[in-house]
Amino acid sequence: MLSGVLVVPGLRVALRRWLAGRADRSPAGLPELTAHLDELALLRLPEAFADVPEAAEAIAATDVAAALRATLRAGLLDELGWPALDEAVVRLAAGAAPKGEGVVVCGEGWPALVLRRGEAFVVVGPDGVLAEHVARIPADARHRWRFEPTARWVAGRLLVRWDGPDHELAYWSDAPERVFDPTGDGPQRYREADSALPSIALAGDARFGGRRAVRPGDTQVPAAGT
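According to full-length UniProt numbering, the sequence shown is numbered sequentially starting from 1.
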């Protein structure tokens, strides 16, 4: 293939310019350097550089140590790993759920996250899984078409919220039989997209997300995400 390119004057000029442009690049780190060298792999034959020997010299002089230093200073992707989160995802993925439904972040209780798949919830903290819960939502308390419950982690309990037939409903995970309208405002829809906005823990088992603090057992709470 390369020999065929070299015998065509126009392609040979294009190859020369392409190699010169690649040789002038200075990869900032190991991942970029790897991609850079992979790009050149098809042209690793000496004859490819016959017209641009300076490009071969520049590539051969690549400072791999400098790329390594830059990568280590910037931080490794693996440092962003969260083993407990990986464990939680594996647990949820192994359980039963509607076909095609994946794992979603459906709430929080900073620094914990609440994940859901189907009707199963898992609360994951910095160092491990904190709790698991299966939704206890009666069939007649669900919206006809929409079922995407969320949950907030408050002092060791989940406040589970969802769209009911006419308005938002909720329960606390330690008393699932006690279903209530958390806002007391009647027909309205809660903002699922805001369910994972961060909140902070306060003294007395309270959690604050921007409005009134919520405590375990409260049946009047601000709208989700506030």
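All C-beta atoms, glycine included, are put in the ideal place defined by N, C-alpha and C.
Consult DSSP for residue i and reduce its assignment to one of helix, strand or coil.
| i | result |
| --- | --- |
| Leu-68 | helix |
| Arg-146 | coil |
| Thr-226 | At Thr-226, the pLDDT of 48 sits below 50, so the modelled position is not reliable and the matter cannot be decided from this model. |
| residue 229 | Beyond the ends of the chain as shown, which are 1 and 226, falls residue 229; an answer cannot be given. |
| Pro-126 | coil |
| Gly-204 | helix |
| Val-8 | coil |
| Asp-218 | coil |
| Ala-193 | Model confidence at Ala-193 stands at a pLDDT of 48, short of 50, so the residue's coordinates are unreliable; what they give is reported in the following sentence. The answer is helix: DSSP assigns Ala-193 an H, G or I state. |
| Pro-176 | strand |
| Ala-97 | coil |
| Asp-78 | helix |
Considering only the alpha carbon of each residue, which of the options lies closest to residue i?
| i | options | result |
| --- | --- | --- |
| Cys-106 | Ile-137, Ala-120, Val-13 | Ala-120 |
| Arg-146 | Asp-78, Arg-17, His-167 | His-167 |
| Trp-162 | Ala-155, Asp-38, Arg-144 | Arg-144 |
| Leu-169 | Ala-20, Phe-180, Ala-175 | Phe-180 |
| Ser-173 | Pro-83, Ala-65, Pro-182, Arg-157 | Arg-157 |
| Glu-132 | Pro-138, Ala-20, Val-90 | Val-90 |
| Leu-77 | Leu-159, Asp-86, Ala-88, Pro-31 | Pro-31 |
| Leu-19 | Arg-73, Glu-39, Leu-80, Asp-86 | Glu-39 |
| Pro-182 | Leu-11, Thr-219, Ile-200, Glu-79 | Thr-219 |
| Pro-176 | Ile-200, Ser-199, Arg-211, Ile-137 | Ile-137 |
Quick one: what's got a C-beta closer than 8 Å to residue i's C-beta in the same chain, skipping five residues either side?
| i | result |
| --- | --- |
| Arg-25 | His-36 |
| Ala-84 | Val-124, Gly-125, Pro-126, Asp-127, Gly-128, Val-129 |
| Pro-165 | Asp-140, Ala-141, Arg-142, His-143, Arg-144 |
Give every residue of the same chain whose Cβ lies closer than 7 Å to the Cβ of residue i, excluding the five residues on either side of it in the sequence, and list them in chain order.
| i | result |
| --- | --- |
| Leu-202 | Phe-208, Ala-213 |
| Ala-70 | Ala-28, Gly-29 |
| Ala-193 | Note on Ala-193: pLDDT 48, under 50, position unreliable in the model; the coordinate value appears next. For Ala-193, where only same-chain residues beyond five positions count, there are no Cβ hits under 7 Å. |
| residue 242 | Past the edges of the chain, shown from 1 to 226, lies residue 242, and the structure says nothing about it. |
| Ala-66 | none |
| Pro-216 | Val-154, Ala-155, Arg-157, Trp-172, Asp-205 |
| Val-160 | Ala-135, Pro-149, Ala-151, Ala-170, Tyr-171, Ser-173 |
| Leu-68 | Leu-30 |
Under the rule that 16 or more other beta-carbon atoms within 10 Å means buried, what is residue i, buried or exposed?
| i | result |
| --- | --- |
| Arg-178 | exposed |
| Glu-47 | exposed |
Near residue i, which residues of its chain fall below 6 Å by C-beta distance, leaving aside the five closest residues on each side in sequence?
| i | result |
| --- | --- |
| Leu-56 | Looking at the sequence provided, one finds Ala at residue 56 rather than Leu. Cβ neighbours of Ala-56 beyond the five flanking positions: Phe-49. |
| Asp-51 | Arg-16 |
Cβ contact (3+ pairs, closer than 8 Å) linking the stretch 11–28 and the stretch 37–53: yes
Touching by the beta-carbon criterion (3+ pairs, under 8 Å), the stretch 151–165 and the stretch 110–117: yes
At least 3 beta-carbon pairs within less than 8 Å: the stretch 92–105 vs the stretch 58–73: no
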